[in-house]
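In what follows, a structure is listed as structure tokens, so that the remarks can point back to it.
Protein chains: 2
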Amino acid sequence: MAARDVSIRIPCSKCPLRDLECFRDFTEKEVEFLHEFKQGELTVNPGAPIVLEESNSPHLYTVLEGWGFRYKTLPDGRRQILNYVMPGDFIGLQSSVFEVMSHGVEALTEMMMCVFPRDKLWTLYTRHPTLAFDVTWLASREERLLDEHLLTVGRRTAIERVAFVIWHLYKRALSVGLASGNRLDLPVTQQHLADTLGLSLVHTNKTLKKLRANGCISVEERTVEVLDKSKLIEIAQAQEHEEGPRPFL
Amino acid sequence: MAARDVSIRIPCSKCPLRDLECFRDFTEKEVEFLHEFKQGELTVNPGAPIVLEESNSPHLYTVLEGWGFRYKTLPDGRRQILNYVMPGDFIGLQSSVFEVMSHGVEALTEMMMCVFPRDKLWTLYTRHPTLAFDVTWLASREERLLDEHLLTVGRRTAIERVAFVIWHLYKRALSVGLASGNRLDLPVTQQHLADTLGLSLVHTNKTLKKLRANGCISVEERTVEVLDKSKLIEIAQAQEHEEGPRPFL
DNA sequence: CGCGATTTTGAGAGCCGTCAAGATACGTGG
DNA sequence: CCACGTATCTTGACGGCTCTCAAAATCGCG
Numbered sequence: 651m652a653a654r655d656v657s658i659r660i661p662c663s664k665c666p667l668r669d670l671e672c673f674r675d676f677t678e679k680e681v682e683f684l685h686e687f688k689q690g691e692l693t694v695n696p697g698a699p700i701v702l703e704e705s706n707s708p709h710l711y712t713v714l715e716g717w718g719f720r721y722k723t724l725p726d727g728r729r730q731i732l733n734y735v736m737p738g739d740f741i742g743l744q745s746s747v748f749e750v751m752s753h754g755v756e757a758l759t760e761m762m763m764c765v766f767p768r769d770k771l772w773t774l775y776t777r778h779p780t781l782a783f784d785v786t787w788l789a790s791r792e793e794r795l796l797d798e799h800l801l802t803v804g805r806r807t808a809i810e811r812v813a814f815v816i817w818h819l820y821k822r823a824l825s826v827g828l829a830s831g832n833r834l835d836l837p838v839t840q841q842h843l844a845d846t847l848g849l850s851l852v853h854t855n856k857t858l859k860k861l862r863a864n865g866c867i868s869v870e871e872r873t874v875e876v877l878d879k880s881k882l883i884e885i886a887q888a889q890e891h892e893e894g895p896r897p898f899l
Numbered sequence: 651m652a653a654r655d656v657s658i659r660i661p662c663s664k665c666p667l668r669d670l671e672c673f674r675d676f677t678e679k680e681v682e683f684l685h686e687f688k689q690g691e692l693t694v695n696p697g698a699p700i701v702l703e704e705s706n707s708p709h710l711y712t713v714l715e716g717w718g719f720r721y722k723t724l725p726d727g728r729r730q731i732l733n734y735v736m737p738g739d740f741i742g743l744q745s746s747v748f749e750v751m752s753h754g755v756e757a758l759t760e761m762m763m764c765v766f767p768r769d770k771l772w773t774l775y776t777r778h779p780t781l782a783f784d785v786t787w788l789a790s791r792e793e794r795l796l797d798e799h800l801l802t803v804g805r806r807t808a809i810e811r812v813a814f815v816i817w818h819l820y821k822r823a824l825s826v827g828l829a830s831g832n833r834l835d836l837p838v839t840q841q842h843l844a845d846t847l848g849l850s851l852v853h854t855n856k857t858l859k860k861l862r863a864n865g866c867i868s869v870e871e872r873t874v875e876v877l878d879k880s881k882l883i884e885i886a887q888a889q890e891h892e893e894g895p896r897p898f899l
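As given, the protein sequences belong to chains A and B, one line each in that order. Just so you know, we're using my numbering here: the first sequence kicks off at 651 and counts up by one. Just so you know, we're using my numbering here: the second sequence kicks off at 651 and counts up by one.
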């Protein structure tokens, strides 16, 4: 694995995430503590592993820039993508609770992350209950995303699944400034989509074609344009719900 | 909905869960606080709704006895079972974080639960960081179970899925005393299994038949006997991992 | 004994997977 | 600037796993 350069260049008070509307405001004391908690920044290349399945990482991460994904694999290599990580998302909580991660995380684009030492998480619980609650908040949000994903893979048809992920990723990317207007820059191959949705590569490709023929979306290079939102939502059987400001670490 | 009788009859110090080996020990102060936190017990009948999708329940629950399940449904009625709840499991965390639950919970057997007021969860974070960490622990465990379930539904074949869910439920039930020896009392219809695994009822039935013909399991009434553990594990492509003592509230 | 819920079985259809091959894009070295 | 290898995308053909439809059998219960 390539050497990882970890050093603090960005004080938490100037964290780029603070400029985004979707995140909650923090008190000065909270930011001070987070700055103490922070070990540095880590930058990785596209395709780089961030944590390995069954590994035991001493670090926790908050994504500052870029996309990645969480996954699990079966012994024979079949892969299931569990979720995507974007700016503001927290990586590695499971390892502080169970010692080992039961899933892996891999970068899709170049990623910059904030690094925290896992063994100091406990002091966060003793000294900053508001931040402790934030950690629980983040875990609970992940749970909700997984619930929805499970419904998608278990009960939606192929075209519903594809429509749903696109809509879902579009909304998430919008909120953190990774999409603008109707355009979503998806740093993802069709194989990734297939592994996300429990479909084969070939069928994913043919389903995307239907969605293009439909006039729902257009795709060029790696960017998707949402042409007909209401039709996409209808096909996806998606139900909208408001999101208030959310925390991050 | 039937009237719900809530009153404290069991002090937390005599919580039946404390006798189970799988749970961690608590300090006197922790138990004292939990007893203050506790509002009472709630008993519901098989089939009763515990929380509804999109509802806003003011309560949190810890299961003391019985089985239930979490689920989500699509507008047209297709249902996905997300996970099962058994003694020691915590219900309703999402509602303290997002105001509304995005999933429902329903009882499979008669269930007894410990009831907590949602709005006092915050004082738990301020006064008992160890318990706060336990809440995070529980959320993180749920996340891990969902990860595994997603892999099952997304990437395992029908027979692998059925084998896996039986093995999984057997292990969980064993740890809390709901299974003994090789026998698992499953209070679940084949329709429930189908909705858990993303399969149709008919195909679930035929797949169970194969597993019986295999000599892996036998089924009579609602109890499943695991006849050949290693073959079941092999078919399920399950990977064992140790579990240390876990918390509950 | 009779009715509803659940389980079982068979038949046929279709959605989706696998296999295979060609097309396109992209980076690298000559 | 072109050649070439690798990764990704596309398309067609075919097979099969799983679905739907339908009906019979069994079970639970009043």
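Every residue, glycine too, gets a C-beta built ideally from N, C-alpha and C.
Query: Compute the beta-carbon to beta-carbon distance between Thr812/B and Ser790/A, rounded to the nearest angstrom, for a pair I have assumed lies under 8 Å.; Result: Checking the displayed sequence, the identity of residue 812/B turns out to be Val instead of Thr. Val812/B to Ser790/A, Cβ: 30 Å. No contact.
Query: Which bits of chain B does Tyr711/A rub up against, with CB to CB less than 9 Å?; Result: Correct list: empty, because the minimum Cβ distance to chain B is about 15 Å.
Query: Determine, for Tyr734/A, whether the minimum Cβ-Cβ distance to residues of chain B falls below 8 Å.; Result: no
Query: Measuring CA to CA, which of Leu667/B, Ile731/B, Met751/B, Leu828/B is closest to Glu704/B?; Result: Met751/B
Query: For Arg806/A, which option in Leu847/B, Thr839/B, Gly865/B has the closest C-alpha, if you only look at C-alpha atoms?; Result: Leu847/B
Query: Output needed for Gln689/B: all residues of its chain with C-beta closer than 8 Å, excluding positions within five of it in sequence on either side, in chain order.; Result: Val656, Ile658, His709, Val765, Phe766, Pro767
Query: May I have the straight-line CA-CA distance separating Glu756/B from Gly827/B, to the nearest angstrom?; Result: 21 Å
Query: If you reduce the DSSP assignment to three classes, tell me which class Ser752/A lands in.; Result: coil
Query: Assign Cys665/A to one of three DSSP states: helix, strand, or coil.; Result: coil
Query: To be precise: take each residue of the stretch 773–797 of chain B, compare its Cβ to all Cβ atoms of chain A, and keep it if any distance is under 7 Å. Which residues remain?; Result: Tyr775, Thr776, Pro779, Ala782, Phe783, Val785, Thr786, Trp787, Ala789, Ser790, Glu792, Glu793, Arg794, Leu796, Asp797
Query: Who are the Cβ neighbours of Gly738/B in its own chain at under 8 Å, not counting the five residues just before and after it?; Result: Leu667, Leu670, Cys672, Phe673, Thr712, Val713, Val826, Arg896, Phe898
Query: Step through the CB atoms of chain A and report whether any lies within less than 8 Å of the CB of Ala653/B.; Result: Here Ala653/B scores only 42 on pLDDT, less than 50, and its place in the model should not be relied on; the value that follows carries that caveat. With 8 Å as the cut-off, Ala653/B does not count as an interface residue toward chain A.
Query: Would you decide whether Arg822/B is buried or exposed? Buried here means 16 or more other CB atoms lie within 10 Å of its CB.; Result: buried
Query: In chain order, what are the residue ranges of uninterrupted alpha helix (DSSP H) at least 4 long that sit wholly in the stretch 815–893 of chain A?; Result: 840–847, 851–863, 879–886
Query: Tell me whether Gly804/B sits in a helix, a strand or coil according to DSSP, three-state version.; Result: helix
Query: Any idea if Thr773/A is buried or exposed, counting beta-carbon neighbours within 10 angstroms, 16 or more meaning buried?; Result: exposed
Query: So is His853/B in contact with chain A if we call contact Cβ pairs under 8 Å?; Result: no
Query: Is the beta carbon of Leu743/B sitting closer than 8 Å to the one on Gln887/A?; Result: no
Query: Could you tell me if Asp675/B is buried or exposed, where buried requires 16 or more neighbouring beta carbons within 10 angstroms of its beta carbon?; Result: exposed
Query: For Asp845/B versus Gln730/B, is the C-beta spacing smaller than 8 Å?; Result: yes
Query: Does DSSP put Ala653/B in a helix, in a strand, or in coil?; Result: Note that Ala653/B scores 42 on pLDDT, short of 50, meaning its location in the model is unreliable; the coordinates nonetheless yield the value given after this. Coil at Ala653/B, not helix or strand.
Query: Please report the residue range of the alpha helix (DSSP H) in which Leu684/A lies.; Result: 678–687
Query: Could you check where the beta strand (DSSP E) with Leu670/A kicks off and where it finishes?; Result: Looking at the DSSP string, Leu670/A is not in any beta strand (DSSP E), and its letter there is neither H nor E.
Query: I want to check one thing, is the minimum distance from the CB of Leu667/A to the heavy atoms of the ligand ADP below 7 Å?; Result: No copy of the ligand ADP appears in this structure; indeed no ligand is present at all.
Query: Short of 7 Å in beta carbon distance, which residues of its chain neighbour His753/B, apart from the five on each side in sequence? Order them along the chain.; Result: Glu703, Arg720, Tyr721, Lys722, Leu732
Query: Check each candidate in Ile809/B, Val852/B, Leu795/B and name the one with the smallest Cα separation from Tyr867/B.; Result: Looking at the sequence provided, one finds Ile at residue 867/B rather than Tyr. It is Ile809/B.
Query: List the residues that DSSP assigns as beta-bridge partners of Gln730/A.; Result: Lys722/A
Query: Distance check for Val701/B and Gly718/A, CA to CA, integer angstroms please.; Result: 34 Å
Query: Under 8 Å, do Gln840/B and Leu861/B count as touching if we go by C-beta distance?; Result: no
Query: Report yes if the C-beta distance between Leu800/B and Leu800/A is below 8 Å; otherwise report no.; Result: yes
Query: Taking any Cβ of chain B, which residues in the stretch 748–772 of chain A have a Cβ under 8 Å from it, in chain order?; Result: Phe748, Val750, Ser752, His753, Trp772
Query: Identify whether Arg777/A lies in helix, strand or coil by the three-state DSSP scheme.; Result: helix
Query: Output, in chain order, the set of chain B residues within a Cβ distance shorter than 8 Å of Lys722/A.; Result: Asp797, Glu798, Leu800, Leu801
Query: Could you have a look at Leu899/B and say whether DSSP puts it in helix, strand or coil?; Result: coil
Query: What is the DSSP secondary structure of Arg811/B, reduced to helix, strand or coil?; Result: helix
Query: Can you have a look at Ala653/B and say buried or exposed, based on whether 16 or more other CB atoms are within 10 angstroms of its CB?; Result: In this predicted model, Ala653/B has a pLDDT of only 42, less than 50, meaning its place in the structure is not dependable; the value taken from the coordinates is given anyway. Exposed is the call here.
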